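Remarks on the structure that follows.
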Amino acid sequence: MATQRGHLIREFNRYITCSVCRGYLIKPTAVTECLHTFCKSCIVQHFEESNDCPECGIQVHETNPLEMLRLDKTLEEIIFKLVPGLREKEEQQEMDFWRKNESRSNGEEGPRAKRSRICEEEDDREEGEGGDYHRNDPQIAICLDCLRSNGQSGESTVKGLMKKFIRCSTRVTVGTIKKFLCVKLKLPSSYE
């Protein structure tokens, strides 16, 4: 029987550390253009000075690079499981920060107020008053590419989309995507 070897955390360090601050990834945020991951605060701070990825140098977005960032909650949970005590340390630092800055908050809410407001918003959403449309659900990217041409003499009757990828909720149905394509491509009902 083969013996199992335990893995050391240093074997995973390059996957769970930020190349900007060299610490463990806190609120890991991926740049969608190149898929490099950084701490949320590190990448936001970096984008105040430059629109390029700190790791590969690719221009992320000409005018608003923050639109091209996505939180990676799965990686965050993996990091918290790999590094004992990290979650508690981060939560304590956040609480200390809010306690320290509570007196001069100039309209900002502390974490307790934010949590209660978020819970109220979720209750409203469940009652149908919100307009969230599953934006807070896990997201997937879908490639929409026309594989077949129905036109005569080699011409396609269906024009391709300008953007072949869409980002949508994991709850999306094929029927919803069909409706989206019919509207976007202005297709007659015969294509449904």
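In terms of full-length UniProt numbering, the sequence shown has 91 at position 91, counting the first letter as 1, and numbering is strictly consecutive. Glycine included, each C-beta is placed from N, C-alpha and C at the ideal position. If you're wondering where the values come from, they're calculated on a predicted model, not measured in any experiment.
{"Check": "Nearest neighbour of tyrosine 15, chosen from Met68, Cys39 and Leu185 [CA to CA]", "Outcome": "Cys39"}
{"Check": "Among Glu62, Arg22 and Cys143, the one whose alpha carbon lies nearest that of asparagine 51", "Outcome": "Glu62"}
{"Check": "Best match in Lys186, Val183 and Leu25 for proximity to leucine 71 [C-alpha to C-alpha]", "Outcome": "Leu25"}
{"Check": "Within 8 Å, strictly: CB atoms of lysine 179 and leucine 161", "Outcome": "no"}
{"Check": "Beta-carbon spacing of glutamine 139, cysteine 182 below 8 Å", "Outcome": "no"}
{"Check": "Assumed close pair valine 20, histidine 46 - CB separation to whole angstroms, cut-off 8 Å", "Outcome": "6 Å"}
{"Check": "Start and end residues, beta strand (DSSP E) containing residue 254", "Outcome": "Since the displayed the chain opens at 1 and closes at 192, residue 254 lies outside it and no answer follows."}
{"Check": "Per-residue DSSP class, three states only, for phenylalanine 12", "Outcome": "coil"}
{"Check": "Assigned exposure category for residue 248 - 16 Cβ within 10 Å defines buried", "Outcome": "Limits of the chain in this structure are 1 at one end and 192 at the other, which puts residue 248 out of reach."}
{"Check": "Assigned exposure category for isoleucine 9 - 16 Cβ within 10 Å defines buried", "Outcome": "exposed"}
{"Check": "Option in Thr17, Lys164 and Glu33 with minimal Cα separation from methionine 68", "Outcome": "Glu33"}
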